[in-house]
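Visitor: Same order as they appear, the protein sequences are chains U and C. Here my numbering is used: the first residue of the first sequence is 134, the next is one more, and so on. Here my numbering is used: the first residue of the second sequence is 45, the next is one more, and so on. Note that CB positions come from ideal geometry on N, CA and C, so glycine has one too.
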Amino acid sequence: MIDIEHELQEMFDRRQADVLGAVGVPEALMVARRVRRRLASNGVLAAAMAILVLVGAGTAWQTIASRGVVDRPASPARVLDIPQGPIASLRQRAAGLEFSLRATGTPDGRLCLDLSWSEGTDRSCLGASDLTGTGFTPYRSQSAEPWFVAFGIAPEGAAQVAIRYANGGSTEARMAAAAAGSVRFRIYLLASPRPVFRGLLGAWDPSGDPIGEPQWTWWGSTASKATWNEILAQCGCGPKDGSG
Amino acid sequence: MGIELTRAAAAPAGRLEELYVRHAPDAIRLAYFLTGNRETARDLVQDAFVKVAGRLQHLRVPDAFDAYLRRTIVNLFTSQLRRMRLERTQAARSTGEAERAHEEPDVAGRDEMWRAVQTLPARQRAAIVLRFYEDLSERQTAEILRCSTGAANQLTARAIAALRDRIGEDRIGDEDR
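Pasting the structure below:
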């Protein structure tokens with residue numbers, strides 16, 4: 134039986150003498166120079182990284198600070214006040230189901246949207262301040278229905294409403310507000326994966342009469358497939374959680 | 045030692061050279077047993093030293109410079125073996141026999157155990173060198189090889205079995221002759 138471990142140790146002992154490993158001064162100098170170069174390049178690299186981080190942070194901050202303004206004009210429209218009483222309403226029959234939307238100004242100056250369709254009803258309200266500015270204010274439906282409503286000022290200065298069903302369907306409606314003080318809505322149903330809600334609901338003035346011809350307004354290039362996040366991304370509002 | 049290393053990291057003239065002169069001989073011997081070639085061993089140690097000394101200020105335990113250096117040598121050896129083999133093959137192709145003559149003259153014929161160790165796969169060879177040359181424990185060997193103690197033991201056991209087969213064959217062959 135060969136004692137490999139013993140023979141290995143013997144071999145290593147024997148061969149150690151072959152490799153003295155002595156180090157000359159030139160070699161040490163050369164290696165030290167390489168280390169210093171590496172340390173210097175590490176420093177340069179760290180500085181470059183720090184600059185990149187600063188630039189990145191600055192850009193991110195600028196983007197956040199000017200969110201909603203970059204790449205789109207500031208909104209000329211500001212909904213200063215919301216008249217009390219009925220503002221707009223519309224009714225649409227589609228695929229055998231009736232869908233109606235009523236916008237009402239409340240005594241305390243809020244705007245409420247009452248949405249009813251054959252499957253249920255929903256009410257969402259918010260104040261005029263939520264309709265100003267360029268932000269896209271998320272608003273969660275107060276009803277038990279799993280809705281999520283967001284109001285805001287559209288890029289071209291229109292007030293907009295996007296409504297999403299947390300159960301998977303989605304309806305994005307857009308409300309174009311006219312000049313300050315005169316709340317006049319044109320409400321479009323932009324897209325919905327649910328055929329029952331697909332289609333233009335109409336455009337209505339505060340008295341409830343239609344304004345001109347109904348128009349299709351697409352929020353995305355393929356509005357019928359546009360998702361909530363795509364819509365929010367286009368308005369620069371960023372994705373928002375619409376669940377629940 | 046820690047203070048000394050911290051000073052070396054600050055890189056005043058002479059400190060790094062001293063550090064290299066102090067640690068290189070042992071490191072070169074280790075690298076030689078791993079690579080089987082003096083020049084390759086020296087290159088490996090220089091690369092490892094540059095790597096470790098370049099991070100001197102960031103070492104968690106500056107006192108363990110030896111251990112870091114040893115680990116880096118083994119890592120470089122196992123990771124670069126393939127590349128070095130390729131380079132050597134290409135160099136041999138371009139320079140022909142002249143290169144072969146420049147290699148260790150005693151590797152080929154004199155020591156069957158040495159020759160057998162050189163035929164082991166990189167990690168098995170590293171396990172053998174760490175256990176029987178560096179005299180490290182199973183745990184230390186496993187740490188350097190970045191594997192479990194069980195896996196390190198298995199590497200060692202396989203290496204010993206392979207060496208036993210190889211040496212046994214050689215001796216039977218010698219007896220037959």
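Would you give the residue range spanned by the alpha helix (DSSP H) that C:PRO69 belongs to?
Guide: Note, C:PRO69: alpha helix (DSSP H), 59–79.
Visitor: With 7 Å as the C-beta to C-beta threshold (strictly closer), list the residues of the segment 158–190 of chain U near chain C in chain order.
Guide: Correct list: ALA161, LEU162, VAL164, ALA165, ARG167, VAL168, ARG169, ARG171, LEU172 and ASN175.
Visitor: If contact means a Cβ-Cβ distance below 7 Å, which residues of the segment 186–216 of chain C contact chain U?
Guide: Answer set for the segment 186–216 of chain C: ILE204, LEU207, ARG208, ILE211 and GLY212.
Visitor: Rounded to whole angstroms, what is the Cα-Cα separation between U:PRO159 and C:VAL118?
Guide: Computed Cα separation, rounded: 25 Å.
Visitor: Would you verify that the beta carbon of C:PRO165 is, or is not, closer than 9 Å to some beta carbon of chain U?
Guide: So no, C:PRO165 is outside the interface.
Visitor: Can you name the start and end residues of the alpha helix (DSSP H) that U:GLU138 belongs to?
Guide: Looking at the DSSP string, the run of the alpha helix (DSSP H) that includes U:GLU138 is 137–149.
Visitor: Are the segment 189–199 of chain C and the segment 162–172 of chain C touching by the rule of at least three beta carbon pairs closer than 8 Å?
Guide: Yes, the segment 189–199 of chain C is in contact with the segment 162–172 of chain C.
Visitor: Closer than 7 Å by beta-carbon distance: list the chain U residues that pair up with C:PHE77, in chain order.
Guide: Simply PHE145.
Visitor: Could you check the C-alpha separation between C:LEU189 and C:ARG115 for me, to the nearest Å?
Guide: Taking the straight line joining both Cα atoms gives about 8 Å.
Visitor: Per DSSP, what kind of secondary structure is U:VAL156 in: helix, strand or coil?
Guide: Three-state result, U:VAL156: coil.
Visitor: Do you know how far the Cα of C:ASP107 is from the Cα of U:ILE135?
Guide: Going from the Cα of U:ILE135 to the Cα of C:ASP107 covers about 40 Å.
Visitor: Would you say C:PHE109 faces chain U, with C-beta separation under 9 Å as the test?
Guide: It does not: the Cβ of C:PHE109 has no partner Cβ on chain U nearer than 9 Å.
Visitor: Which residue marks the beginning of the alpha helix (DSSP H) containing C:ASP87, and which one marks its end?
Guide: Note, C:ASP87: alpha helix (DSSP H), 82–97.
Visitor: According to the neighbour-count rule (16 or more other Cβ atoms, all chains shown, within 10 Å of its Cβ), is U:LEU141 buried or exposed?
Guide: By the neighbour-count rule (16 or more Cβ atoms within 10 Å), U:LEU141 is buried.
Visitor: Between which two residues does the alpha helix (DSSP H) carrying U:THR239 extend?
Guide: Premise fails: U:THR239 is in no alpha helix (DSSP H) and is neither H nor E.
Visitor: Take C:LEU120 and list the residues in its own chain whose beta-carbon comes closer than 7 Å to its own, dropping the five residues that flank it on each side.
Guide: LEU88, ASP91 and ALA92, listed in sequence order.
Visitor: With DSSP as the reference, label C:ASP179 as helix, strand or coil.
Guide: Reduced to three states, the DSSP call for C:ASP179 is coil.
Visitor: Between which two residues does the alpha helix (DSSP H) harbouring C:ALA166 extend?
Guide: Residues 166–172.
Visitor: Please decide whether C:VAL65 counts as near chain U, where near means a Cβ-Cβ distance under 9 Å.
Guide: It does: the Cβ of C:VAL65 has a partner Cβ on chain U nearer than 9 Å.
Visitor: My assumption, with CB atoms under 8 Å, is that C:GLU1 sits in contact with U:LEU162. Please give the rounded CB distance.
Guide: The question about residue 1 of chain C has no answer here: the residues shown for chain C are numbered 45 through 221.
Visitor: Please determine, among C:PRO69, C:THR122, C:THR79 and C:PHE77, the residue with the shortest C-alpha to C-alpha distance to C:ASP110.
Guide: The residue with the shortest Cα to Cα distance from C:ASP110 is C:PRO69.
Visitor: Taking the alpha carbon of C:TYR64 as the point to measure from, which residue in C:ASP155, C:ALA97, C:LEU164 and C:ALA205 has its own alpha carbon closest?
Guide: If we check each option's Cα against that of C:TYR64, C:ALA97 comes out closest.
Visitor: Would you mind giving the Cβ-Cβ distance between C:THR163 and C:LEU174, rounded to the nearest angstrom? I have them listed as a contact below 8 Å.
Guide: Contact flag wrong, Cβ pair sits at about 18 Å.
Visitor: Among residues of its own chain, excluding the 5 on either side of U:ARG147, which ones have a beta-carbon nearer than 8 Å to its beta-carbon?
Guide: Excluding sequence neighbours, U:ARG147 sits near nothing in its chain.
Visitor: Let me know the secondary structure DSSP gives C:SER123 once reduced to three states.
Guide: Of the three classes helix, strand and coil, the one that applies to C:SER123 here is helix, per DSSP.
Visitor: Give a yes or no on whether 9 Å exceeds the smallest Cβ distance from C:GLN162 to chain U.
Guide: Closer than 9 Å: no.
Visitor: Among C:GLU187, C:ALA160 and C:ASP179, which residue has its Cα nearest to the Cα of C:ALA203?
Guide: Nearest C-alpha to C:ALA203: C:ALA160.
Visitor: Ignore the nearest five residues each way along the sequence and tell me which others in C:ILE172's own chain have a CB closer than 6 Å to its CB.
Guide: Only ALA203 meet the Cβ criterion.
Visitor: Compute the Euclidean distance between the alpha carbons of U:ALA179 and U:VAL186, then round it to the nearest angstrom.
Guide: Approximately 10 Å, taken between the alpha carbons.
Visitor: Write down the C-beta distance between C:GLU178 and C:THR193 rounded to the nearest angstrom, noting that I regard them as a contact closer than 8 Å.
Guide: About 16 Å; that fails the 8 Å criterion.
Visitor: In the structure shown, what three-state DSSP assignment does C:THR237 receive?
Guide: Residue 237 of chain C is absent from the structure shown; chain C starts at 45 and stops at 221.
Visitor: Under three-state DSSP, which class holds U:SER174?
Guide: Reduced to three states, the DSSP call for U:SER174 is helix.
Visitor: Less than 9 Å between CB atoms is the rule here; does C:GLN184 satisfy it with respect to chain U?
Guide: By this cut-off, C:GLN184 is not an interface position.
Visitor: Between C:LEU113, C:TYR76, C:ARG208 and C:ALA205, which has its C-alpha nearest U:GLN149's C-alpha?
Guide: It is C:TYR76 whose Cα lies nearest to the Cα of U:GLN149.
Visitor: Roughly how many whole angstroms lie between the Cα atoms of U:ARG167 and C:ILE211?
Guide: So the two alpha carbons sit approximately 42 Å from each other.
Visitor: From U:PHE145 to C:PHE176, what does the alpha carbon distance come to, in whole angstroms?
Guide: Each residue's alpha carbon lies about 8 Å from the other.
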